[in-house]
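Some notes on the structure that comes next.
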Amino acid sequence: MSKVTVKLGGPEEFFASGRRIAKLADAGRRIPHRQVVAFEDAGDLLRLLTPARMALFRAIKSHPGSITAIATRARRDRSAVTRDVAALSRFGLVQVTQCVHPGHGHRKEVRAGAEEIRLEATVK
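Have a look at this one:
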């Protein structure tokens with residue numbers, strides 16, 4: 554698992570990061586693995602990382618499993634957990650894989666895609 558940084562950042566920061574990576578590559582140096590999810594708008598970041606989704610992330614990290622099992626443990630509606638898992642999955646915070654469920658077809662197995670989520674925000 555990796556660390557994922559979720560932060561506010563605009564195009565200037567994106568291109569500055571690209572230049573730093575290019576300089577490392579040009580110098581033949583190792584490019585560190587970083588997973589960064591940047592939002593230009595604080596509202597978009599807050600819509601992703603709601604208290605319910607953060608609690609769900611922690612629950613998945615401590616006990617990965619099927620969406621049904623996670624919903625049962627979290628005492629939440631399965632469809633709400635499915636929506637939250639989809640949102641967290643889009644940004645790499647959780648990983649969803651299809652598994653064979655013997656005698657019952659397939660099921661989705663959910664596990665944390667990140668060891669930790671680091672939040673960074675500077676509001677001017």
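Using the working numbering, you'd call the opening residue of the sequence shown number 554 and step up by one each time.
Idealized CB from N, CA, C, for every residue including glycine.
Figure out for me which residue from the options has the closest Cα to the Cα of residue i.
{"i": "A608", "options": "R628, D597 and A580", "result": "R628"}
{"i": "E668", "options": "R582, E565, R587 and R583", "result": "R587"}
{"i": "S570", "options": "V638, R636, A591 and G581", "result": "A591"}
{"i": "L641", "options": "F568, F567, L672 and L601", "result": "L601"}
{"i": "R626", "options": "K576, A612, I574 and G563", "result": "A612"}
Taking the continuous alpha helix (DSSP H) assigned at residue i, which residues delimit it?
{"i": "G596", "result": "A595 to L601"}
{"i": "A575", "result": "P564 to D579"}
{"i": "T621", "result": "I620 to A627"}
{"i": "L641", "result": "R631 to R643"}
Starting from residue i, follow its DSSP beta bridges and name the residues at the other end.
{"i": "K679", "result": "Outside the displayed range of the chain (554 to 677) lies residue 679, so it cannot be described from this structure."}
{"i": "S555", "result": "A667"}
For the beta strand (DSSP E) containing residue i, name the first residue and the last one.
{"i": "R582", "result": "Premise fails: R582 is in no beta strand (DSSP E) and is neither H nor E."}
{"i": "H657", "result": "It is not in any beta strand (DSSP E) - H657 carries neither H nor E in the DSSP assignment."}
Since residue i and residue j are thought to touch, with beta carbons under 8 Å apart, how far apart are those beta carbons, to the nearest angstrom?
{"i": "P604", "j": "A665", "result": "About 17 Å; that fails the 8 Å criterion."}
{"i": "R660", "j": "C652", "result": "6 Å"}
{"i": "R636", "j": "K556", "result": "Wrong, their Cβ atoms sit about 25 Å apart, outside the cutoff."}
{"i": "V634", "j": "V649", "result": "Not confirmed; about 12 Å, so no contact."}
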